[in-house]
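This report refers to the structure that appears directly beneath it.
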Amino acid sequence: MKVRLRNPERVVDVPGPKTVLALLHELDIVPEAVLVIRDSTLLTRDESLDDGDEVEVRPVLSGGRE
Amino acid sequence: MKCKVCREHAVVDVRRHNAAFCSDHFIAHVRKQVERAIKDFKMFRGDDRLLVAISGGKDSLAIWDILLDLDYDATGFYLDLGIGGYSTRSKEAALAFAARKNAKLIVRSLSEEHGYTIPELARLTGRVPCSGCGLNKRYEFNRAALEEGFEVLVTGHNLDDEVATLFGNTLHWHIDMLGRQAPVLDERILGTGDDAHTALVRKAKPLIRVAERETAAYAVLKGIDYIVEECPMVEGNTQHRYKEALTLLEESSPGTKQQFLFGFLERAAGRFPEVEDGVEIVACSNCGSPTVRWDESAEVHCSFCKTKALAAKRKHEGSMERGGKRS
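Listed in order, the protein sequences are those of chains A and B. Heads up: the first sequence at position 19 corresponds to 528 in the working numbering, and the numbers run straight through without jumps. Heads up: the second sequence at position 156 corresponds to 321 in the working numbering, and the numbers run straight through without jumps.
What follows is the structure, given as structure tokens:
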């Protein structure tokens, strides 16, 4: 599957099928720190992802408040 | 996962509430958390005029969206910080949202108001960019609210923001800051009798019960086109590092952040005075904003005026130096 990552913007290939949680573990990303989006829909961590999916892993923690 | 309310397919899990929600019930859940915060902390009334500080990011646009949906009189305020393409894109997001919601947005620019951008201010003063940015935003938000006659300034500070601030203040035992960390800060009046005037407008943080991941999910589900990219000047920011550490704890023990913040507000905040004993709050001799009197000198200047003066001085010195080299 194609996984779009942000800050910096990049796309990585990850083989499926696997759950959202397994994908995030494989990418060493803390699930609480991101949203996972497929076709403009949010996915919970138990959702299955297929090899042909295109997903976005969007960070949610912003910084810089004094 | 199934929605806790309707048992339909869930799109968001909120582990600290041991719940998952479909889109409609998640939006209702977030709105309810905001309504509860407004009520529990007596943030504002239905007829108050609210000025909402808008950055173009998920939190400020989400709280503006919620307040408008709840029929509050909420005007947006965007401050252009002059951070290159990042500021351009964040302003576009703010303007597009205002147009979509048919809401009023006041736009001001640091460059036009004070003659510098945040990158220039950091370079001229040697201050950490986030520090100078925070100082200028607080000052300008308050000034705009007072000048435009708003009763309350609303910011998009969420649960994660407040927890990270509390963590930093506790780590360094910033007693004075702990005394001022609250979901709502009353207006500050300076002077007495005929001289009495509001120097600081009332401030409220209605997203205090909503985690950052939840405001992001709310924005996505409501189709709010917020700026996802991070400010280019935030690299290595301390607050961001605290958030990452706290999110690791939250991942292994859901509810940790909420317990830390609300435990503090319920059981410890009252032990820290808003103003320490012996500290005198007076009006800045230049702009009238509240500031601390540290000595007996007749002139007292607030941090904003001191920083602005330093930037102007360094800018002048720089132009003199360049002029000298050319001649």
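Just so you know, even glycine gets a beta-carbon here, dropped at the ideal spot from N, CA and C.
Kindly list, in the order they appear in chain A, the residues whose Cβ is closer than 8 Å to that of residue 474 of chain B. Translated into positions along the second sequence, residue 474 of chain B becomes position 309. Under the 8 Å cutoff, chain A gives no residues; its nearest Cβ is about 20 Å from residue 474 of chain B.
Which residues in chain A have a C-beta closer than 7 Å to the C-beta of residue 413 of chain B? List them in chain order. Numbered from 1 along the second sequence, position 248 holds the residue referred to as residue 413 of chain B. Per Cβ cutoff of 7 Å: 539.
Where in the segment 275-321 of chain B do unbroken runs of the alpha helix (DSSP H), each at least 4 residues long, occur, reported from the N-terminal end onward? If we require 4 residues or more, the alpha helix (DSSP H) runs fully inside the segment 275-321 of chain B come out as 275-279, 283-290 and 294-312.
Below 8 Å on the Cβ atoms is my contact criterion, and I expect residue 199 of chain B with residue 231 of chain B to pass it. Report the Cβ-Cβ distance as a whole number of Å. Within the second sequence, numbered from 1, the residue matching residue 199 of chain B stands at position 34. Within the second sequence, numbered from 1, the residue matching residue 231 of chain B stands at position 66. Cβ-Cβ separation between residue 199 of chain B and residue 231 of chain B: approximately 5 Å, consistent with a contact (criterion under 8 Å).
Can you give the Cα-Cα distance for residue 524 of chain A and residue 559 of chain A, rounded to whole angstroms? Residue 524 of chain A sits at position 15 when you count from the first residue of the first sequence. Residue 559 of chain A sits at position 50 when you count from the first residue of the first sequence. For residue 524 of chain A and residue 559 of chain A, the gap between their C-alpha atoms comes out near 8 Å.
In the segment 170-197 of chain B, which residues sit with their C-beta less than 7 Å from some C-beta in chain A, listed in chain order? When C-beta distances to chain A are compared with 7 Å, the residues of the segment 170-197 of chain B below that value are 175, 176, 177, 178 and 185, in chain order.
Ignore the nearest five residues each way along the sequence and tell me which others in residue 563 of chain A's own chain have a CB closer than 6 Å to its CB. Against the first sequence, residue 563 of chain A aligns to sequence position 54. The residues are 511.
Which residue marks the beginning of the beta strand (DSSP E) containing residue 391 of chain B, and which one marks its end? Within the second sequence, residue 391 of chain B is the residue found at index 226, counting from 1. Taken as a continuous stretch (DSSP letters only), residue 391 of chain B belongs to no beta strand (DSSP E), as it is neither H nor E.
I need the DSSP call for residue 371 of chain B, collapsed to helix, strand or coil. In the second sequence, residue 371 of chain B corresponds to position 206, counting from 1. The answer is coil: DSSP assigns residue 371 of chain B none of H, G, I, E or B.
Is there a C-beta anywhere in chain A that falls below 9 Å from the one on residue 318 of chain B? Position 153 of the second sequence, counted from the first residue, corresponds to residue 318 of chain B. No, its Cβ sits nowhere closer than 9 Å to a Cβ of chain A.
Determine the burial state of residue 550 of chain A: buried for a count of at least 16 other Cβ atoms within 10 Å of its Cβ, exposed for fewer. What you label residue 550 of chain A is simply residue 41 of the first sequence in a count that begins at 1. It is exposed - the Cβ of residue 550 of chain A has fewer than 16 other Cβ atoms within 10 Å.
Residue 269 of chain B and residue 320 of chain B look like a contact to me (Cβ under 8 Å); what is the Cβ gap, rounded to whole Å? Taking the first residue of the second sequence as position 1, residue 269 of chain B is located at position 104. Taking the first residue of the second sequence as position 1, residue 320 of chain B is located at position 155. 18 Å between Cβ atoms; not a contact.
Suppose only complete runs of 4+ residues qualify. What are the alpha helix (DSSP H) ranges in the segment 323-370 of chain B, listed by chain order? Taking only runs of at least 4 residues, the alpha helix (DSSP H) segments lying wholly in the segment 323-370 of chain B are 324-336 and 340-345.
CA nearest to the CA of residue 204 of chain B, picked from B:374, B:389, B:454 and B:288: In the second sequence, the residue the question calls residue 204 of chain B occupies position 39. Residue B:374 is the option with its Cα nearest to residue 204 of chain B.
Tell me which residue opens and which closes the beta strand (DSSP E) that residue 563 of chain A is part of. By 1-based counting over the first sequence, the position of residue 563 of chain A is 54. It spans 563-568 - the beta strand (DSSP E) in which residue 563 of chain A sits, taken as one unbroken run.
Using CA coordinates, which residue listed in B:263, B:175, B:398 and B:469 is at the minimum distance from residue 189 of chain B? In the second sequence, counting from the first residue as 1, residue 189 of chain B sits at position 24. When each option's Cα is compared against that of residue 189 of chain B, the closest is B:175.
Put residue 499 of chain B into one of helix, strand or coil per three-state DSSP. This structure gives no information on residue 499 of chain B, because the portion of chain B shown stretches from 166 to 492.
Using 9 Å as the limit for Cβ to Cβ distance, is residue 485 of chain B near chain A? Here the question's residue 485 of chain B lines up with position 320 in the second sequence. So, not an interface residue.
In the DSSP output, what is residue 511 of chain A paired with across the bridge? If you number the first sequence from 1, residue 511 of chain A lands on position 2. In the DSSP output, where bridge partners are listed per residue, residue 511 of chain A has A:522 and A:563.
Are any of the Cβ atoms in chain B nearer than 9 Å to that of residue 542 of chain A? Walking along the first sequence from the start, residue 542 of chain A turns up at place 33. Yes, contact with chain B.
When the Cα atoms are used, what is the spatial distance from residue 399 of chain B to residue 295 of chain B? Along the second sequence, one-based indexing puts residue 399 of chain B at 234. Along the second sequence, one-based indexing puts residue 295 of chain B at 130. In this model, residue 399 of chain B and residue 295 of chain B are separated by some 7 Å (Cα to Cα).
In whole angstroms, what separates the C-alpha of residue 264 of chain B from that of residue 389 of chain B? Counted from its first residue, the second sequence places residue 264 of chain B at position 99. Counted from its first residue, the second sequence places residue 389 of chain B at position 224. The alpha-carbon of residue 264 of chain B is positioned some 12 Å away from that of residue 389 of chain B.
For the segment 404-472 of chain B, which segments carrying the alpha helix (DSSP H) assignment without a break, of at least 4 residues, lie completely within its bounds, in sequence order? Given a length threshold of 4 residues, each whole run of the alpha helix (DSSP H) inside the segment 404-472 of chain B is given here in chain order: 421-428.
Give me, in chain order, the residues of the same chain whose beta-carbon lies closer than 6 Å to that of residue 575 of chain A; leave out the 5 immediate sequence neighbours on both sides. What you label residue 575 of chain A is simply residue 66 of the first sequence in a count that begins at 1. Here residue 575 of chain A scores only 42 on pLDDT, less than 50, and its place in the model should not be relied on; the value that follows carries that caveat. The answer is none, since no qualifying residue turns up.
With a threshold of 9 Å between beta carbons, is residue 494 of chain B in contact with chain A? The structure shown has nothing for residue 494 of chain B, since chain B only spans 166 to 492.
Closest by CA to residue 504 of chain B, which one among B:421, B:448 and B:282? Residue 504 of chain B is absent from the model: chain B starts at 166 and stops at 492.
Leaving out five residues on either side along the sequence, give the residues of the same chain with a beta carbon under 7 Å from the beta carbon of residue 307 of chain B. Mapped onto the second sequence, residue 307 of chain B falls at position 142. Answer for residue 307 of chain B: 318, 365 and 366, listed in chain order.
Check whether the Cβ of residue 467 of chain B lies closer than 9 Å to any Cβ atom in chain A. By one-based count along the second sequence, residue 467 of chain B stands at place 302. For residue 467 of chain B, the answer is no, since every Cβ of chain A falls outside 9 Å of its Cβ.
Which runs of the beta strand (DSSP E) at least 3 residues long sit entirely within the segment 233-281 of chain B? Give them in chain order. Runs found: 238-245 and 270-274.
Against chain A: residues of the segment 206-224 of chain B by CB proximity under 8 Å: Taking 8 Å as the Cβ-Cβ cut-off against chain A, the residues of the segment 206-224 of chain B that qualify are 222, 223 and 224.
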